[in-house]
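Please read the structure below before turning to the comments.
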Amino acid sequence: MQLNETALHEAVNTTLDALVGSAGEAVDPTTPNWAMRALIEISGDFDAVVAATCDEHFARSLAAAMFGLELDETSDDDVRDAFGEFTNIAGGMVKSLLPGTCRMSVPSVGDPTGVGEPSAVALLCEAAVEHEGGHVGVRVLSPT
Amino acid sequence: MKILVVDDSRAMRMIVQRTLRQAGFDATIVEAENGQEALDKTKSEKPDLILSDWNMPVMSGIEFLNALRGGGNNTKFGFVTSESTPAMRAQAVGSGAAFLISKPFNADTFKDTLNGVV
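These protein sequences, in sequence, are chains Y and S. Per the numbering used here, the very first residue in the first sequence carries number 1; after that it's consecutive. Per the numbering used here, the very first residue in the second sequence carries number 1001; after that it's consecutive.
Dropping the structure here:
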């Protein structure tokens, strides 16, 4: 399989299903108010950046499911950890669709103003889903 | 049985533990968040099995495995990682890993893989 929008949607939903037990519905990537971003750099035969963003509800719900907590019991550290791991797994699936031999960085996670997408990049593909009222989007970018 | 679970994500360490229970492995779990901490805990805790992430800060999983084997420690070792290219599998086996489980995984994955190892 090659990296395209369909494959990226599948990667996002496979990751979601594994971590929280169910997949989401595809939505317009421009819809949500993003509260958190995680970036993973892929380098080697193919250079790319996987940028995942989500709203507050998605981030809290993900952390609650992964840690087995109620929404209001999740700490900010729990939320960053959970979203970083979500991005790590989705990033690994993206990497497996890229040509050649590449390596992945560990995720950088924070609010979108602090963890910005790199400049001078081209958008290769993007996918976003709604999951139980929360939203998450993943963009794959490549240096121009 | 004592299992050392190594991952920089606390959430993933919890999920690995939960999946081990779901797969029927009744084990004492020890945790480490990077290869260096895992190397120290392997010496102090003497686990029967090590399940390690590959991509971690401070010391990666493959660096940890190489340091372990280089020091003469032959504790059973498997990777649980989001990266699993054929080249990585070959490198893992060549360094002395018994298996490589790709994230995402489920209890059946653990049963199928670990039953032949422990």
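Even for Gly, the Cβ is constructed at its ideal location relative to N, Cα and C. These numbers were taken from a predicted model, which means no experiment stands behind them.
- prompt: Would a C-beta distance cut-off of 8 angstroms place residue 1057/S and residue 1008/S closer than the cut-off?
  reply: yes
- request: Consider the Cβ of residue 88/Y: report whether some Cβ of chain S lies at a distance smaller than 8 angstroms.
  value: yes
message: Pairs of beta-carbons, one from the region 1055-1070 of chain S and one from the region 115-129 of chain Y, closer than 8 angstroms: are there three or more?
response: They do not touch, by the three-pair rule.
message: Determine, for residue 81/Y, whether the minimum Cβ-Cβ distance to residues of chain S falls below 8 angstroms.
response: yes
query: How would you write the range of the alpha helix (DSSP H) that residue 1058/S sits in, first residue to last?
result: Per DSSP, residue 1058/S lies in no alpha helix (DSSP H) segment and is marked neither H nor E.
field: Host beta strand (DSSP E) of residue 38/Y (start-end)
entry: 36-44
- prompt: Could one say the Cβ of residue 64/Y lies closer than 8 angstroms to chain S's Cβ atoms, at least one of them?
  reply: no
- prompt: So which residues of chain Y does residue 1103/S contact, with C-beta pairs closer than 7 angstroms?
  reply: 89, 92
field: Residue-chain proximity (residue 84/Y, chain S), Cβ-Cβ < 8 angstroms
entry: yes
task: With 8 angstroms as the threshold, decide whether the Cβ of residue 119/Y is near any Cβ in chain S.
output: no
- prompt: How about the region 99-119 of chain Y and the region 30-44 of chain Y: do they share at least three Cβ pairs that are nearer than 8 angstroms?
  reply: Yes: at least three Cβ pairs fall under 8 angstroms.
message: Less than 8 angstroms between the beta carbons of residue 1097/S and residue 1049/S, yes or no?
response: no
task: Out of 62/Y, 96/Y, 33/Y, 3/Y, state which residue places its alpha-carbon closest to the alpha-carbon of residue 111/Y.
output: 33/Y
- request: Closer than 6 angstroms by C-beta to residue 17/Y: which residues in its own chain qualify, once you throw out the five before and the five after it? Chain order, please.
  value: Closer than 6 angstroms at Cβ, skipping near neighbours: 23.
message: Counting only Cβ-Cβ distances shorter than 8 angstroms, please list the residues of the region 1074-1092 of chain S near chain Y, keeping chain order.
response: 1081, 1082, 1083, 1084, 1085, 1087
- request: Kindly list the residues whose CB is nearer than 6 angstroms to the CB of residue 137/Y, restricted to its own chain and excluding five residues on each side of it in sequence; keep chain order.
  value: Within the same chain, residue 137/Y has close Cβ partners 29, 53, 128.
- prompt: For the candidate residues 13/Y, 45/Y, 121/Y, 19/Y, whose alpha-carbon lies nearest to that of residue 101/Y?
  reply: If we check each option's Cα against that of residue 101/Y, 45/Y comes out closest.
field: Secondary structure of residue 1076/S, DSSP reduced to three states
entry: strand
query: What separation, rounded to the nearest whole angstrom, lies between the Cα atoms of residue 1033/S and residue 134/Y?
result: 29 angstroms
task: Note down the Cα distance separating residue 1095/S from residue 1004/S, rounded to an integer number of angstroms.
output: Inter-residue distance for residue 1095/S and residue 1004/S is about 18 angstroms (C-alpha atoms, whole angstroms).
query: Going straight from the alpha carbon of residue 1021/S to that of residue 85/Y, what length do you get?
result: 21 angstroms
- request: Name the one or two DSSP bridge partners that residue 108/Y has.
  value: Under DSSP, residue 108/Y takes part in a beta bridge, and its partners are 39/Y.
Residues that residue 1047/S contacts on chain Y, provided the C-beta gap is smaller than 8 angstroms: What residue 1047/S touches in chain Y: nothing, since even the nearest Cβ is about 22 angstroms away.
- prompt: Which residues mark the beginning and the end of the beta strand (DSSP E) in which residue 115/Y is found?
  reply: No beta strand (DSSP E) contains residue 115/Y, which DSSP labels as neither H nor E.
task: Ignoring anything shorter than 3 residues or poking outside the region 53-129 of chain Y, list the beta strand (DSSP E) runs there in chain order.
output: 102-104, 108-110
field: Of the listed residues 119/Y, 26/Y, 87/Y, 68/Y, nearest to residue 1104/S (C-alpha basis)
entry: 87/Y
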